[in-house]
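Working notes, beginning with the structure itself.
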Amino acid sequence: MSLIALALRKGMTSAEVDSAVVTTTKDSIEPQLPDSGNVSVSEITEADSTTLKIEPQEAILTLTIQPGNGEPFDLQVNNAEMVQELHQLLLERESTCHRTCFSLQFNGISLDNFTEIRAINGLVDGCVLHVVEEPYTIREARIHIRHVRDLIRQNDQAEAASAVDMSSLSFLPSINLQERGDRDKPFDGLPPDYVLPGTKVVGMTQRGFQERSLTPMLTQIPRVRPALRNMGISSFNPPTGHRKLKGDILYLFVDILEKRRLHITCCTKGFFVNSSTDEVFNPQPSTQNKAICHSLVDLLNAVSPAFKKAYPTLIKRRNERHMLDRLPTPYPVFSWLSPVQEVLEDSIRGEDALLPYRVGFEEHLPGQIRDWNEELQTTHEMPRTSLSERLTRDRSGAIAVVEGNVVAINPADEPRTHMFIWNNIFFSLGFDVKDHYKELGGDAAALAATSADLQGVRAYAAIDNSKLCTLGMAVIDYRGYRVTAQSIIPGILDKEQEQSVVYGSVDFGRTVVSSEKYHELLESSAKELKLLPHEVVIDNKGNTVKLFTSYETKGIIGNDGRYYVLDLLRTMPPDVHYLQDAEVSEKAKTLGFPRSFPHKLATLRQELVEHFHESVFGVVSSNVLSRCLQFIKIAANHVRQHLAASKDDQDTHDIENEVTRALVDVSEGREPVTKYSITKEAVSKAAEAVNSLKPETFDIRFNPDCFSTTAAEFIVTTQLPEFVSNCLDAAISPIDGESLCDLMHTRGINVRYLGDVEQLSCAISHLLNAVFGNLAFDHGAGAYTERNTKRNGRKSKKTSTTSEWAAFNTREFWIALCHEAKNYYAFDLKADSIESVVDQYGVQKISLLRRLCGMLGIQLLIKDYQLDSNSTRTRLPFTADDVQNLFPVTKHRQPCANDAKKLFNRGQKAMHIGHLREAYEYIAESVNLMSSVYGSMHGELAQALRMLARLAYILGDLAEAVAQQYRATLMSERCNGIDNAYTIIEYVNLAHFAFSNLYIPASLRILYRARYLLLIAYGENHPLMAQIDGNIGVILFAVHEFDAALRFLTSSEAVMTANREPKRLKSAIIQHIAARAHASRGDFRAALAAEKETYFIYNGLLGPEHEKTKESSEYLSQLTMQAVAFQRKVMDATKGNSVGPLLPTQLPQPSLSSILEVLNVLNGIIIISVGGLPNAIDYTEIVEGKPSPRSLRMIDEALD
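When the sequence shown is numbered by the working numbering, its final residue is 1200 and no position is left out of the sequence of numbers.
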């Protein structure tokens, strides 16, 4: 693990890294593997059965770092790290962060950045490494200037919302997580008005409420005084030959806060102020400032007192930010809301914007263009026999095309057929070029083909066959265009496609070629993808060729000698339910299949094929067996019945042994070897029962060129009913459209089955007004635009006459939308306005706006929009100024940390069987490997950290739990989005662990944030809202804020009732806490009513003799006595008698541990102590009926 990654794991800020002890104390994972009763080591293997070997951690050295200027400091480092990690650490230290051009020397010898520390001869514990300043080159100078600019730049939310320089928004750093509150001050953890239950909106209109406020979505970051006004490359560049001989490298100018412009020369020794002015070039050093400083920051400190005063403040703020808040994200993360961007003078930013070819540091390497395909294939082919080799392999302009900044390679053709090459990447538009897809649906088919092709690329790339190459590929939707970006096969542009293809077809199956070499390469891949080898007729004489893929898949041998497969759009079998002339099962016919569809390229998802084949159904439902298990069960039962009637003991023993070997072979993917007829008959019957392709073994595969009614029927008979059932039972709770699609895709359900379940800103605002406003007349946009232009003092008649979008009104939009819903999803959307959708389906307008902006790549100004129907009749809710930006929506091939995922899966299995310590070690090692592959910022890493935090909490390490969950939450904000569904769930977990560490104000603020985001994404009645409100209510009750607590507890119970979750254990817990809150307020009538509900639920679920039922009964008795006593005091008080305090003091309040146990149950964690060792299982609610003894024991331990 890198030094920075280790610092991140501890949750450090940049300043804390200075004194960090960088160690890794975990031993090798290998000795911790159990000998029996668990998964064997051999499960973590590649296809060649190479066992995963994790190299043990090496020694920890204490080294002294001696900077060129400044005090030395000690650093503890793992000697397996590279020297480059020490460079990175120096760039993070406050005292050395402004230096970039240096080397580390040991005994006068410069160390190579990519050398491991343990490989340095003589370097032992206590040695001194010297930081030595190196001469500048043009590349080092430009890197230094940009680094200094980044140091003094302030965090800009508008840039983060638009993913500038791979930045993204975050909210969590605005919360002081470790705030515990002050007993001497009033409690400041009460909820803001906009998150209170029942508070829908920010204000009232004549007709009713407005929509929810959007302004709390982003935090207000105070700006500090800048250090400079501007800095850039001087127009006097490049240096003349004479000046180059003097050592000049480049010239720059700096506008300091004293309102002066300095002209600065960068030479090999460093930076100095020269005597130039804006009009006259004079390279001689300034007479006032003759010093040469190796760092530009040191020079500016010397010449500008204002810079010297402002710079430390900026660096301090930078170092106070969590490191995860500063790292770039692996992929751009855009926000649908953005503040107004303040445009400040920045010459370097302007220079970068005018270099559209710039990716990385290409501008520092004149004449060199990155060969993306070579990089991709080289890392793909690297050795993978050991873990370190695999880690090295893994580590290792669509916008410009749409905006017209790239010239097409076929400019004379029709614009929709244009193709582009930019930065050695091939771009094409998602249209039906030359009527290739005319018979399949035209442009609709061409659009679907790009997504299907990407799915195929992902499938083959995941197999990781080093001899079979796929292209780097991404699909980008931007401004209404679909752009496909691909790496280029060497030599593909030098010859016709017909000459290049040695496998597959280039004319839609009219001629097909094959290759024995491709057969050899594709055989294992086809087996893993469950693809059936098949014969294809190639001529009128009936001659055939063998293919392992669809005939449309092409095999091309590049000039580099590599074997490529491309056009993988038909990797998975077609979905017969959406092919109008296809034969479907009787069950499918009763459901209205086959249905018409805009195109004929509807295919099944790879996840469905895996679900159909593998033993993962137990995750969805314990009642569904995998096909393989069904096969084994049927064969075993058949043999058992035969042996029961047999009297020959010797044959019985032999047959049993043979059947056992045969079924083991089947489970491991081998063909069974049989000699007894009864064994062959059993295997044959089992194969027939599970629809195996071969009668002598278990073989479930699909022909991608043929229909598969069995797999398609599996969607509507198994996957869809299970998915709907899980949603109704709240086993899964999609928060928005994006999370719903993700959940459907993981189960292999295509979104098309959901029915069963120029003046660009003006055009976008017009579209939003058509959806949420009332453009009730034709050519309304012309009038709308004219009103806007009149207001601005100018008129534009061109807009209303030349733009197609200007003629689009509300009525036309809803007609088109209803037709699309019927045509694509088979859903009858009976709506003619946004109001009818809200009334019929109970959705929020603000939620629809959020989802629409996310799908179309629209970024709006963050403000409160008037979306109520009364306002939209008089004025339109959106103007052109409200549209801040358009961003691309991208799908792409991602690298995969295979070994990390295998360790993660092993950790999950160990957790499920109760081996928690082993599970923690597996997950921790998985986090280390993911950090090595992905870096310190990735969405999958956030999921692993969440699991690590959960395990740490269960094992009793509360501080570690909150630290890891903080990392997971911040990483989810940065990688998924600040209002993403996964981020909301991370907030709930973080609040739980923060409360366990007594960070009570912070835990409440985090829960308020989660509630607000869920209100925007969905509304009040989501099942997750019951969990959030329950958490808030319980914590507020714990701090004696009873009125506020009751408001949230009542909301939680109402949401559970609305979602068909009454009379369950969580409801009993909520009612019990509510009863205590009512009693603390003196409202004994309400307390008795709530506790009676608790008693009825316990009595119905657990029986009258259960401890929980008895406790509730005793508490009812206490409440009754207290209520009687309270009533007597009130009566005496009315008679003028002295009665003392009215409220009783005898009612016991629950302890902190009991409050925490209630939160555990609400958040799905039950902890059981067995023999002093903590154990845990995920919480599963007990439905009405007879609970199991094991479930009762879990409840006892959780609520004691």
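Glycine included, each C-beta is placed from N, C-alpha and C at the ideal position.
Other residues of its chain near residue i: CB distance less than 6 Å, five sequence neighbours each side excluded
i, result
"residue 712", "575, 576, 577"
"residue 829", "818, 821"
"residue 294", "133, 270"
"residue 1045", "1033, 1036, 1037, 1077"
"residue 907", "919, 922, 923"
Spatially closest choice to residue i from the options, by CA coordinates
i, options, result
"residue 222", "197, 313, 1065", "313"
"residue 240", "252, 258, 283", "283"
"residue 326", "735, 1118, 458, 169", "169"
"residue 857", "274, 127, 476", "476"
"residue 966", "139, 79, 1006", "1006"
"residue 737", "644, 767, 660, 847", "847"
"residue 587", "939, 710, 824, 248", "710"
"residue 1013", "980, 484, 146", "980"
"residue 1028", "1047, 82, 1041, 1085", "1047"
"residue 1066", "1101, 940, 640, 1078", "1101"
"residue 878", "976, 762, 840", "762"
"residue 175", "990, 1037, 1109, 1035", "990"
"residue 945", "292, 1157, 926", "926"
"residue 306", "371, 229, 1000, 429", "229"
Any non-hydrogen atom of the ligand ATP within 8 Å of residue i CB
i, result
"residue 742", "As presented, the structure is devoid of all ligands, the ligand ATP included, so that no description of it is given."
Proximal residues to residue i (C-beta, below 7 Å), its chain only, five neighbours per side dropped
i, result
"residue 837", "831, 843"
"residue 792", "Residue placement at residue 792 is flagged as unreliable, the pLDDT there being 45, under the threshold of 50; the coordinate-derived value follows with that caveat. Here the set comprises nothing."
"residue 433", "417"
"residue 548", "519, 522, 523, 526, 531, 533"
"residue 594", "576, 577, 578, 579, 580, 582, 584"
"residue 674", "658, 662, 680, 683"
"residue 500", "492, 556"
"residue 733", "1022, 1023, 1024"
"residue 746", "607"
"residue 704", "531, 549, 550, 570, 571, 572, 573"
Classification of residue i by the beta-carbon crowding that lies within 10 angstroms, buried from 16 upward
i, result
"residue 1152", "exposed"
"residue 220", "exposed"
"residue 973", "buried"
"residue 992", "buried"
"residue 868", "buried"
"residue 739", "buried"
"residue 596", "exposed"
"residue 1201", "Since the first and last residues shown for the chain are 1 and 1200, residue 1201 lies out of range."
"residue 1161", "buried"
8 Å Cβ shell around residue i - same chain, five flanking residues per side excluded
i, result
"residue 338", "157, 158, 161, 162, 859, 860, 861, 862, 884, 885"
"residue 171", "218, 219, 973, 978, 1009"
"residue 124", "61"
"residue 654", "676"
"residue 545", "512, 513, 514, 535, 536, 538"
"residue 840", "830, 831"
"residue 248", "239, 265, 266, 267, 283"
Beta-bridge pairing of residue i - partner residues as DSSP gives them
i, result
"residue 429", "483"
"residue 191", "DSSP, once it has assigned bridges, lists no residue as partnering residue 191."
"residue 260", "256"
"residue 535", "546"
"residue 103", "132"
"residue 735", "Bridge partners of residue 735: none, in fact."
"residue 231", "254"
Run through the segment 501-537 for me and flag every whole alpha helix (DSSP H) of 4 or more residues, listed as ranges in chain order. 516-528
Just to confirm the assignment: which complete alpha helix (DSSP H) runs, minimum length 4, are found wholly within the segment 556-609? 586-590
Which complete beta strand (DSSP E) runs does the segment 63-131 hold, if anything under 3 residues is left out? 73-78, 102-106
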